[in-house]
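The next block holds one structure in the form of structure tokens; read it before the comments.
Protein chains: 2
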Amino acid sequence: MRLFLAALAILVFAPCVELQAAELRGTGDLGIVIERASGSLQVIDVTARRALGRVEGLGDLSHASAVFSPDQRYAFVFGRDGGLSKVDLLSRKLVKRVMQAGNSIGGAISDDGRLIAVSNYKPGGVRVFDSETLAPVADIPARYGDSGARSKTVGLVDAPGRRFIFTLYDAGEIWVADFSNGGGPAITKFAGIGDLPYDALITGDGRHYIAGLFGEDGLAHIDLWAAEPRVERILDGYGRGEEKLPVYKMPHLEGWARAGDRLMLPAVGRHEVLAVDADSFQEVGRIAVHGQPIFAVARPDGRQVWVNFAHPLNDTVQVIDVPSQEVVHSFKPGPAVLHLEFTPRGHEVWISVRDSDKVEVYDTRSFEKIAELPMAKPSGIFFTARAHRIGL
Amino acid sequence: MRLFLAALAILVFAPCVELQAAELRGTGDLGIVIERASGSLQVIDVTARRALGRVEGLGDLSHASAVFSPDQRYAFVFGRDGGLSKVDLLSRKLVKRVMQAGNSIGGAISDDGRLIAVSNYKPGGVRVFDSETLAPVADIPARYGDSGARSKTVGLVDAPGRRFIFTLYDAGEIWVADFSNGGGPAITKFAGIGDLPYDALITGDGRHYIAGLFGEDGLAHIDLWAAEPRVERILDGYGRGEEKLPVYKMPHLEGWARAGDRLMLPAVGRHEVLAVDADSFQEVGRIAVHGQPIFAVARPDGRQVWVNFAHPLNDTVQVIDVPSQEVVHSFKPGPAVLHLEFTPRGHEVWISVRDSDKVEVYDTRSFEKIAELPMAKPSGIFFTARAHRIGL
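Order-wise, the sequence lines are chains A and B. Just so you know, the numbering used here puts 264 at position 264 of the first sequence, and the rest follows in order with no gaps. One gets the numbering used here by counting positions in the second sequence from 1 and adding 392 to each.
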């Protein structure tokens, strides 16, 4: 009888315990912080400003980034080692992990949430997976030229209409992979975009795709709304000054942000942020800043742009007021400020300070620090609200 | 012994059963459909395109609208009868309901998610509640003039910085209530904005507040980024034609949408949608449409605007292509199309067709119908992704 009761208890309680392990809660205010050195991440509650728990075993998380499922329950984490990891933010468990390449850099999720695409260096190309199972859906080798060599791919983003757009670093090409037909992708190629494109962005409306060129002083732009989209050079002289400065670190283009009728973007090498007209793509101003900018991120309302900097000036953050184009606040969160993430409506910002092993939370109006969270060498911060934005 | 076991079972199982009643799931792809006639709503799974269950007892839901908590677990539903209802989308239970006024019209949630504001006709003013408990936080009677009479309030929206903005219908004033100090609100009043403001909107960046005027042929505009914000008249001649047409129903201003560098807005009384430059607020074009437009809603990427119409032409929806300013698609979902809601990245749109008792889901590129859900006299459709937008 006692044995029977014990067996019954296990039988009946088991699913209950499973349920209780994961907290019943909304997922709209969750996020993750990448802990690069330990191959782990922490799941965070953005409202409560606290960590909920750590997920480990994610491999090499250098330059790691993440996207989220439309229900905001799952994070898809793109590691440097080719690992693609699906993490359940509610149970805080690694659901699945596939080693899909030898070396990779970022990924994207389709507008319907069904497809995950990963940008690979080795072997060069893009691989696409089912977001439910991580089963392979498509392999797009980035072959170019007569030799059939494969190019590294960079600047992979989603675009409306079940499309992914990415850039071939070695080939100087931009490819659009259209999955709207449900089967294999229809691929459109744009060649001769310029030398050594190193990163790219898509504007928040999914209209403009812009690739930065390491080998040239300008950027490659495609208006995806055009009847016949083509590549045009914009901002010739982008970041160029009277004399070239050494570039300690290339800025991240994802950081580019639309603020009002302007795009604000980090100059390359120079201690400046450029203001660019969002319609004509002409430069309309330059703002002197503390160091070589890495991320220049607009607060979601576009009123402010927050900037961090390259080593050795990477202990500082500056805030630009967009209408006046003036730096209105400078402060030093600590050594190695790596990333910034705003709450979706912009009232707070989370900042990772790698070398003091913490993430700090600031009020974006008073500039007061309102919380600190201990984290192990934090780098990227990603909130689930990204699930509902184009190109993030 | 048997009794003891039974008692133990109840004691131990009770919380488990409670947990299992609510499904463990993400909340980023949930939504609600208002069933006006029955005072109920249905919770929907936007990804699966299915209804999860009904919540009843919400009172008079004429013109009802809703906002969502930042975690996207709770909906706050504003009824016409002054009822403010908090609904748990996971358990699909009415958590709390307060009758906070005799007659009301819409509400808003502060950018930090802590405050719920409701716009009241009787007694005229705005009342503010704690989003956690629905306990009263502030009462703002809309007194004006020498008599101290109270005005109906309309066009209540949230703005960045823990502010609410609303318009006094009888007084012709716009008030900004700033809760950033944590205590009672600091109120800024703008008087003499024009006759009979009937609704208002705030742009998605929280910068421009615009009130429609029933008594005049133009709109009142405040640039909230200005050093000293003031009211200016814009679009004099808004909707005016050679001769006045009878107005069957005033358009909803919330439907106004930024599409690229334009605002697209329903003309009043005329069978036209107006294209307005988003910087200068000058009219730049008119698009002839099927009837008197009610909602003109931009797909989230701004490439298309979908329009529904006033009785008796309210069986039809038209789609405007923004770059060409042409109607590219017309169709008839059925009698009494009341509302449209896009998925956050715009690949699908949900349409309520009141008099055929269903909600229809369409692919926004192929225009194909991909699902139908039975609903009792559906009106407003609201997805949880609104939690992360300014002014929605």
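The beta carbon of each residue, even a glycine, is placed where N, CA and C say it ideally should be.
- Beta-bridge annotation (DSSP): arginine 678 of chain B is paired with B:Leu666.
- Check the Cα spacing between arginine 162 of chain A and each of A:Tyr169, A:Thr27 and A:Asp130: the tightest is with A:Asp130.
- Excluding sequence positions up to five before and after glycine 604 of chain B, its CB lies within less than 6 Å of the CB of Tyr590, Asp591, Leu611 and Leu645, all in the same chain and listed in chain order.
- In the DSSP assignment, glycine 499 of chain B falls within the beta strand (DSSP E) that extends over 495-501.
- Contact of arginine 36 of chain A with chain B by beta-carbon distance below 8 Å is absent, the smallest such distance being about 26 Å.
- Assignment of threonine 47 of chain A by DSSP, reduced to helix, strand and coil, places it in the coil class.
- When secondary structure is reduced to three states using DSSP, alanine 186 of chain A falls in the strand class.
- Contacts between glycine 575 of chain B and chain A, judged by CB atoms closer than 9 Å, are missing: the closest CB pair is about 15 Å apart.
- Ranked by Cα distance from valine 529 of chain B, the options B:Val745, B:Ala777, B:Arg465 and B:Val518 are led by B:Val518.
- Contact of histidine 388 of chain A with chain B is assigned, a C-beta pair being separated by under 9 Å.
- Using a CB distance below 9 Å, the part of the stretch 458-492 of chain B facing chain A consists of Phe460, Ser461, Pro462, Asp463, Gln464, Arg465, Tyr466, Leu481, Leu482 and Ser483, ordered along the chain.
- In this structure, alanine 66 of chain A lies near glycine 380 of chain A, with their beta-carbon atoms less than 9 Å apart.
- Taking a 10 Å sphere around the C-beta of leucine 784 of chain B, we find 16 or more other C-beta atoms and assign the residue as buried.
- Assigned with DSSP and collapsed to three states, threonine 595 of chain B falls in coil, not helix or strand.
- In the DSSP assignment, proline 727 of chain B forms no beta bridge with any residue.
- In this structure the stretch 493-506 of chain B touches the stretch 462-475 of chain B; the number of beta carbon pairs closer than 8 Å is three or more.
- Annotated three-state conformation of aspartate 480 of chain B is strand, per DSSP.
- Here alanine 569 of chain B is actually not in contact with tyrosine 536 of chain B; their C-beta atoms are around 15 Å apart, not less than 8 Å.
- Apart from sequence neighbours up to five positions away, the residues of its chain that approach threonine 580 of chain B with a beta-carbon distance below 6 Å are Val568, ordered along the chain.
- Following the DSSP letters along the chain, one finds histidine 613 of chain B inside the beta strand (DSSP E) bounded by residues 611-615.
- Taking 9 Å as the CB threshold, tryptophan 350 of chain A stays off the interface with chain B.
- By a beta-carbon distance limit of 8 Å, alanine 371 of chain A does not contact arginine 54 of chain A. Their separation comes to about 18 Å.
- Every unbroken stretch of the beta strand (DSSP E) spanning 3 or more residues and falling wholly within the stretch 727-770 of chain B is given here in chain order: 729-734, 740-745, 750-755 and 761-766.
- Residue pairing by DSSP puts arginine 542 of chain B in a beta bridge opposite B:Arg535.
- For the stretch 368-388 of chain A, the set of residues with a beta-carbon nearer than 7 Å to any beta-carbon of chain B comprises Thr384, Ala385, Ala387 and His388, in chain order.
- Taking each of A:Ser330, A:Gln325, A:Pro323 and A:Ser69 in turn and checking the Cα distance to aspartate 315 of chain A, the smallest one comes out for A:Ser330.
- Within the same chain, and ignoring the five residues on either side of proline 692 of chain B in sequence, the residues whose Cβ sits closer than 7 Å to its Cβ are Phe734, Pro736, Arg737 and Gly738.
- In this structure, alanine 509 of chain B sits near phenylalanine 558 of chain B, with a CB-CB distance shorter than 9 Å.
- Following the DSSP letters along the chain, one finds glycine 431 of chain B in no beta strand (DSSP E), marked with neither H nor E.
- At a C-beta separation below 8 Å, serine 523 of chain B has no neighbours in chain A, since its nearest C-beta there lies roughly 11 Å away.
- Between valine 46 of chain A and chain B, the shortest Cβ-Cβ separation is below 9 Å.
- Residue-level contact check: leucine 657 of chain B does not touch chain A, since none of the beta carbons of chain A fall below 9 Å from its beta carbon.
- As the crow flies, the alpha-carbon of aspartate 503 of chain B is around 29 Å from that of histidine 208 of chain A.
- Residues of the stretch 332-349 of chain A with a C-beta atom less than 7 Å from some C-beta of chain B are Pro344, Arg345, Gly346 and His347, listed in chain order.
- Around the beta carbon of valine 317 of chain A, a 10 Å sphere encloses 16 or more other beta carbons of the protein chains shown; the residue is thus reported as buried.
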